[in-house]
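Remarks on the structure that follows.
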Amino acid sequence: MGSDALTLPRAALDITDKAAVRDFMRRERPRAVINCAAWTAVDAAESQVEACFAVNARAVESLAEACDEVGSLLVQVSTDYVFGADHARATPYREDDPTGPLNTYGNSKLAGEVAARQCDRHIIARTCGLYSAGPHGPVRGRNFLDTMLVLAASRPEVSVVTDQICTPSYVPHVARGILTLLEAGATGTFHVTNGGWTSWHGLASELFKQAGLSTAVRPITSRDYPSAIERPGYSVLATEKLVKTADTRLSDWQEGVADYLRSR
Ligand SMILES: NC(=O)c1ccc[n+]([C@@H]2O[C@H](COP(=O)([O-])OP(=O)(O)OC[C@H]3O[C@@H](n4cnc5c(N)ncnc54)[C@H](OP(=O)(O)O)[C@@H]3O)[C@@H](O)[C@H]2O)c1
């Protein structure tokens, strides 16, 4: 599993095109579909609710239907943003804890989970704070770590929030976790993140330390960095179910940073 995977960019298959999804599934009849496609523009989702739900929820309904028709297992990649409404939370969320998104993106991903559960055989893999050094990394300059390294090259100090706590997770580690679940024949909802937790301030500090940079990281709070939408203050995901089911524990988030720096 994994070595014979087919990767499909949007140009090859737009998942909002129900007929194209159905035709593709009838033709290829894959053992499993791992749906990584999503509307991930969290801020823009507030003004483009329909477009966001079309990708994150309605397209997942089509995928679930098409998977059922040919007997494929559907892996729906989901997010810590299905949580957040419990403002007093200070312990990791378990898979069966009540959800409560704070924004449109979170609501759309939660609707995507509901849609994926319509598929007879499914895995919902909730993850968190993703970054990698792949084509979505340095080339497109889109992840937090790339941005920090670019800023560090031109500034003596960067300001980063301390009041959003989660588990930054390195994509190749998460991908391995999902493959291990598939190989174990697991189904259901799982949290798949690196171990431990930190704030974005903690992540930037660790990144600069490991990269040997002297750039200072000034602690600020979300109030100093106004945004039109609310993000979870605490969204650490408990991963014991992954450990118990697939007999695998992803390494701690600091090792993800080390692997990311090595692979740049
Ligand atoms: N980033 C995080 O911190 C994070 C945290 C937790 C969970 N997740 C989840 O992890 C998954 C991957 O996130 P990411 O951050 O890697 O997202 P990303 O960089 O925005 O990538 C999303 C991909 O989906 C594609 N896509 C969008 N609409 C599509 C459509 N209609 N048909 C086919 N492909 C489409 C995009 O194609 P284009 O490039 O052509 O737009 C892009 O390649 C998502 O399910 C997300 O919700 C992400």
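Each residue of the sequence shown is one higher than the one before, counting from 724 in this note's numbering.
C-beta: ideal position from N, C-alpha, C; glycine also.
Contact annotation: Asp803 and Pro942 have beta-carbon atoms that are not nearer than 8 angstroms. For the pair Arg985 and Glu792, the Cα-to-Cα distance works out to about 43 angstroms. Burial check for Lys932: the Cβ neighbour count within 10 Å stays below 16, so the residue is exposed. Straight-line measurement puts the Cα of Ala811 at about 28 angstroms from the Cα of Val881. Counting only the Cα atoms, Glu978 lies some 37 angstroms from Gly794.
Looking only at Ala969, Gln771, Gly900, Cys889, the smallest Cα-Cα distance to Ser958 is reached by Cys889. By the beta-carbon neighbour count (other beta carbons within 10 angstroms, threshold 16), Asp869 is buried. Among the bridge pairs identified by DSSP, Cys889 is matched with Thr921. Ser795 sits in coil when the DSSP states are folded into three classes, being neither helix nor strand. Of all alpha-carbon atoms in Val798, Cys851, Ala927, the one lying nearest the alpha-carbon of Thr763 is that of Cys851. Under DSSP, Gly857 shares a beta bridge with no residue.
Contact between Leu853 and Ser892 holds, since their C-beta atoms are separated by about 6 angstroms, short of 8 angstroms. Inter-residue distance for Gly807 and Pro824 is about 6 angstroms (C-alpha atoms, whole angstroms).
Under the Cβ criterion (8 angstroms, minimum of three pairs), the segment 919-928 does not count as touching the segment 764-775. In this structure, the alpha-carbon of Val883 lies about 16 angstroms from that of Leu936. Taken through DSSP and simplified to helix, strand or coil, Val915 comes out as coil. With a threshold of 7 angstroms, the Cβ atom of Asp766 does not count as near ligand 1, since no heavy atom of the ligand is closer than that.
Within the model, the alpha-carbon separation for Thr916 versus Ala760 is close to 18 angstroms. Going by DSSP, Val883 is part of the beta strand (DSSP E) stretching over 880-884. Taken atom to atom, the span from the alpha-carbon of Leu965 to that of Ala907 is near 10 angstroms. Short of 6 angstroms from the beta carbon of Val897, and not among the five residues preceding or following it, lie these beta carbons of its own chain, in chain order: Thr850, Val915. In the DSSP annotation of this structure, His810 is not part of any alpha helix (DSSP H), being labelled neither H nor E. In the displayed model, Tyr948 falls within coil according to three-state DSSP, outside both helix and strand.
In terms of Cβ geometry, Gly919 and Asp970 do not form a close pair [threshold 8 angstroms]. Where Asn830 is concerned, there is no enclosing beta strand (DSSP E), although the alpha helix (DSSP H) around it starts and stops at 827-839. In this model, Leu797 and Phe867 are separated by some 29 angstroms (Cα to Cα). Shortest Cα-Cα distance from Ile757 to any of Pro895, Leu960, Leu902 involves Leu902.
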